[in-house]
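Asker:
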Amino acid sequence: MPTREELIPYIMLLAKPKPGDVLYDLGCGDGRVAIEATLRGASAVCIELNKELVQKAKERARKTGVLEKITFINDDFFKVNLEDATIVYMYLLTSVNRLLKPKLERELRLGARVITLDFEIPGWRPLHITRVSLGYRDATLYYYVKGISNLHEIR
Ligand SMILES: C[S@@+](CC[C@H](N)C(=O)[O-])C[C@H]1O[C@@H](n2cnc3c(N)ncnc32)[C@H](O)[C@@H]1O
334 MPTREELIPY IMLLAKPKPG DVLYDLGCGD GRVAIEATLR GASAVCIELN
384 KELVQKAKER ARKTGVLEKI TFINDDFFKV NLEDATIVYM YLLTSVNRLL
434 KPKLERELRL GARVITLDFE IPGWRPLHIT RVSLGYRDAT LYYYVKGISN
484 LHEIR
């Protein structure tokens, strides 16, 4: 299930990708969020387990003219180091976000922005929660900043 196109402007408003930023989409699907970030000057890393989706994402990036701005990794995101990320986007499940949390805490730099759609990172404090009414279904975007959102998690 991809991120609905109508939500992408809201995600960009929160993420504010710009030259120098590196957006990681963990489970990037057809690459739509990563591609949009590159159109705003950032580079992106698109990590996706499903080989066909990686092909689809590459094709989409090629058609958009941003192929060289995206690194495609056909692998499990748990195996990919995230230390270069300045922005992380995740449209996964709360259970997966919970498993990813220690990795985010270990590897992400201070100040990295993390945006999740519809599912929270349990125990992290969002700086903003944006609810978007899409008519047929509402969506919720959670905006976190590493070093602030996880402060109370650090012992
Ligand atoms: C709900 S879709 C979101 C796709 C895309 N991020 C978007 O928002 O349009 C979740 C994606 O994560 C991928 N995925 C799930 N677990 C993964 C893992 N461990 N490593 C890499 N990709 C994974 C799935 O194959 C699927 O394409």
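FYI, my numbering numbers position 34 of the sequence shown as 367, with every residue one higher than the one before it.
Positions of the beta carbon are idealized from the N, C-alpha and C atoms, including for glycine.
Source: prediction; values computed, not measured.
For ligand 1, is there a heavy atom less than 6 Å away from the beta-carbon of Arg365?
Answerer: Taking the first residue of the sequence shown as position 1, residue 365 is located at position 32. In this structure, Arg365 has its CB closer than 6 Å to one or more heavy atoms of ligand 1.
Asker: Going along the chain, which unbroken runs of the alpha helix (DSSP H) with 4 or more residues stay wholly within the region 458 to 485?
Answerer: none
Asker: Ignoring anything shorter than 3 residues or poking outside the region 342 to 367, list the beta strand (DSSP E) runs there in chain order.
Answerer: 355 to 359
Asker: For the candidate residues Glu338, Gly374, Arg337, Ile454, whose alpha-carbon lies nearest to that of Gly398?
Answerer: Counted from its first residue, the sequence shown places residue 398 at position 65. Out of Glu338, Gly374, Arg337, Ile454, Gly374 has the C-alpha closest to the C-alpha of Gly398.
Asker: Pick helix, strand or coil for Thr427, following the three-state DSSP scheme.
Answerer: Taking the sequence shown and counting its residues from 1, one reaches residue 427 at position 94. Three-state DSSP puts Thr427 in a helix.
Asker: Among residues of its own chain, excluding the 5 on either side of Glu453, which ones have a beta-carbon nearer than 8 Å to its beta-carbon?
Answerer: Within the sequence shown, the letter at position 120 stands for residue 453. For Glu453, the CB contacts under 8 Å within the same chain, skipping 5 residues up- and downstream, are Thr427, Asn430, Pro459, Tyr475 in chain order.
Asker: If contact is defined by three or more beta carbon pairs under 8 Å, each pair taking one atom from either stretch, is the region 377 to 391 in contact with the region 464 to 474?
Answerer: no
Asker: Can you name, in chain order, every residue of its own chain whose Cβ lies under 8 Å from the Cβ of Tyr425, other than the five neighbours on each side?
Answerer: Mapped onto the sequence shown, residue 425 falls at position 92. Position check: residue 425 holds Leu in this sequence, whereas Tyr was assumed. Hits under 8 Å: Leu359, Gly360, Leu433, Thr449, Phe452.
Asker: Looking at the unbroken alpha helix (DSSP H) that takes in Leu386, where does it start and where does it end?
Answerer: What you label residue 386 is simply residue 53 of the sequence shown in a count that begins at 1. 384 to 397 is the extent of the alpha helix (DSSP H) around Leu386.
Asker: Who pairs with Val421 in a beta bridge, going by DSSP?
Answerer: In the sequence shown, counting from the first residue as 1, residue 421 sits at position 88. For Val421, the pairing in a beta bridge is given by DSSP as Tyr357, Val447.
Asker: Pro455: which of Leu441, Leu437, Thr463, Arg442 sits nearest, CA to CA?
Answerer: To locate residue 455, count along the sequence shown from 1; it is residue 122. Comparing Cα-Cα distances from Pro455 to each of Leu441, Leu437, Thr463, Arg442, the minimum goes to Leu437.
Asker: DSSP puts Phe405 in a beta bridge; with which residues?
Answerer: Translated into the one-based positions of the sequence shown, residue 405 becomes position 72. Phe405 pairs with Cys379.
Asker: Got a sec? Which residues, its chain only, sit under 7 Å from Ala394 by beta carbon, not counting five neighbours each side?
Answerer: Start at 1 with the first residue of the sequence shown, and residue 394 comes out as number 61. Cβ within range, chain order: Gly364, Ile368, Leu400, Ile403.
Asker: Smallest Cα separation from Leu340: which of Lys396, Thr473, Pro352, His485?
Answerer: Counting from 1 along the sequence shown, the entry for residue 340 is found at position 7. The residue with the shortest Cα to Cα distance from Leu340 is Thr473.
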